[in-house]
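Anchor point for the sequence shown: position 253 equals 253 in UniProt numbering, and the numbering is continuous, going up by one each time.
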Amino acid sequence: MRVILFYIGSYPVHSYGLIVAIAILLGISLGYYLAKGTSYQKHVLDVAFFLIIGAIVGARFWEVFFFQWGYYSQHLTHIFSIWEGGLSIQGGLAGGFVAGAIYTWRHKLNFWEMADILSPAIIFGQGVGRIACLLNGDAFGTPTNAGWGLVYPPGTMAYDTYGSQPLYPAEVWEGQWDFVVFGLLLMLKSRPRFRGFLFLSYNIFYSFGRFMLEFLRGDTPRFIFHWTAAQITSMTLIVVCLAAMAFLYYKNNKFQPRNHAETLS
Numbered sequence: 001m002r003v004i005l006f007y008i009g010s011y012p013v014h015s016y017g018l019i020v021a022i023a024i025l026l027g028i029s030l031g032y033y034l035a036k037g038t039s040y041q042k043h044v045l046d047v048a049f050f051l052i053i054g055a056i057v058g059a060r061f062w063e064v065f066f067f068q069w070g071y072y073s074q075h076l077t078h079i080f081s082i083w084e085g086g087l088s089i090q091g092g093l094a095g096g097f098v099a100g101a102i103y104t105w106r107h108k109l110n111f112w113e114m115a116d117i118l119s120p121a122i123i124f125g126q127g128v129g130r131i132a133c134l135l136n137g138d139a140f141g142t143p144t145n146a147g148w149g150l151v152y153p154p155g156t157m158a159y160d161t162y163g164s165q166p167l168y169p170a171e172v173w174e175g176q177w178d179f180v181v182f183g184l185l186l187m188l189k190s191r192p193r194f195r196g197f198l199f200l201s202y203n204i205f206y207s208f209g210r211f212m213l214e215f216l217r218g219d220t221p222r223f224i225f226h227w228t229a230a231q232i233t234s235m236t237l238i239v240v241c242l243a244a245m246a247f248l249y250y251k252n253n254k255f256q257p258r259n260h261a262e263t264l265s
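Next up, the structure:
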C-alpha cells in the first residue's frame, strides 16, 4: 500500500491516478474487442472520451457532496485534487450514463445495444480500479476486532481513521465481486433476453454486492436505517433497474410478431 509509487524528478506519481488510468485503458480495450463484428466498434473510442469525462465529473461530484462533504467543506482547495483519490464509482456510473445517453442520441444509435456491449468492459475496469483504492488506503473497512485484517501504513486515510487496527478488506472484496459480475455477464451475453438486459443485469449485480459490502465500510457516514450513501444509491438503482427490466421485457414481448399457429388459434 503506497500512496506515492515513485517520483519522476520531483514529481510524485500517485498510485491512485496511475491505476485508474490503467483501468480505463483496459476497459476501453476490452470494450473495443467486445464490439468486434458490430457497427458499434467504430464508436467505442469516440464514446470512451465522453464516458471518461462524464464519469470523472460524476464520480468527483458524488464523492465530494454525497460521501465526504464533511471533509471537503473544510478543505475546499482539495475538491479538484482527484489525483489524491476520492472518486465515487457510483457517481462515475451516473456521469457515464448521462454522457453515453447524450452520445447515442446525437449519433442516432441505440443506447441499450451499446450499453449491453460495453457492460462487461465497464465492470472489468471497476475491478482493476479497486486496486487503486487499496494502494491509496481509501474505501477501507471497519476494524475486524480480531487477529486478521488489513493494516494500513501511516500516510493513508485508513491509518488516520483507525491507526494500526486490522480492518476488513472491503475494497479488495468489492474488486473480487466485480470480476465475479464480469464472469456472469459473459455467460449471459450469449443469451440476452432483450435490449438492455445485460446492462441492467450489470447494474443490479454490482449494486447488490456493493450494498452488502458497505456494511463493512468504515470511511463514510451513515444515515437512515444506518445505511451509507452508497447503500441508499445501490438500493435505489436496484429498484429502478428491476422496473426498467419489467418495462423492457413487456415492451419486447408486446411488439413481438405472433407466429402463424398462434394466429390460427
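We put the CB at the ideal spot given by N, CA and C, even for glycine.
> Under 8 Å between the Cβ atoms of Ile79 and Tyr72?
Replying inline: yes
> Would a C-beta distance cut-off of 8 Å place Asn253 and Arg195 closer than the cut-off?
Replying inline: No, the pair does not count as a contact, with Cβ atoms beyond the cut-off.
>> For Leu51 and Ile89, I'd like the C-alpha separation in whole angstroms.
In response: 13 Å
> Going by alpha carbons, who is nearest to Ala48 out of Arg60, Gly31, Val57 and Phe61?
Replying inline: The shortest C-alpha to C-alpha distance from Ala48 to any of Arg60, Gly31, Val57 and Phe61 is the one to Gly31.
> If you check the beta carbons only, do Asp116 and Phe197 fall under 8 Å apart?
Replying inline: In terms of Cβ geometry, Asp116 and Phe197 form a close pair [threshold 8 Å].
> Taking Cβ positions, are Leu135 and Tyr16 nearer each other than 8 Å?
Replying inline: yes
> Excluding the five sequence neighbours on either side, which residues of its own chain have a C-beta within less than 7 Å of the C-beta of Phe205, listed in chain order?
Replying inline: Val181 and Leu184
>> For His14, count the other beta carbons within 10 Å of its own beta carbon; 16 or more makes it buried, fewer makes it exposed. Which is it?
In response: buried
> When DSSP labels each residue in this structure, what does Phe80 get in the three-state scheme?
Replying inline: coil
> Looking only at its own chain, which residues have a Cβ that is under 7 Å from the Cβ of Lys42, when we skip the five neighbours before and after it?
Replying inline: none
> Is it right to say Pro153 is buried, meaning 16 or more other beta carbons lie within 10 angstroms of its own, or is it exposed?
Replying inline: exposed
> For the candidate residues Pro166, Met157 and Gly127, whose alpha-carbon lies nearest to that of Ala146?
Replying inline: Pro166
> With a cut-off of 8 Å, do at least 3 Cβ pairs link the region 198 to 218 to the region 228 to 236?
Replying inline: yes
> Would you call the CB atoms of Gly137 and Tyr159 closer than 8 Å?
Replying inline: Result yes, Cβ atoms of Gly137 and Tyr159 sit closer than 8 Å.
> Should the region 90 to 103 be regarded as contacting the region 54 to 62, the criterion being three or more beta carbon pairs within less than 8 Å?
Replying inline: yes
> Going by the beta-carbon positions, is the gap between Gly96 and Gly27 smaller than 8 Å?
Replying inline: no
> Where do the ends of the alpha helix (DSSP H) carrying Leu18 lie?
Replying inline: Residue range Ser15 to Leu34 is occupied by the alpha helix (DSSP H) that includes Leu18.
>> What residue range does the beta strand (DSSP E) around Leu150 cover?
In response: Premise fails: Leu150 is in no beta strand (DSSP E) and is neither H nor E.
> Using the C-alpha atoms, what's the distance from Leu186 back to Ala229?
Replying inline: 29 Å
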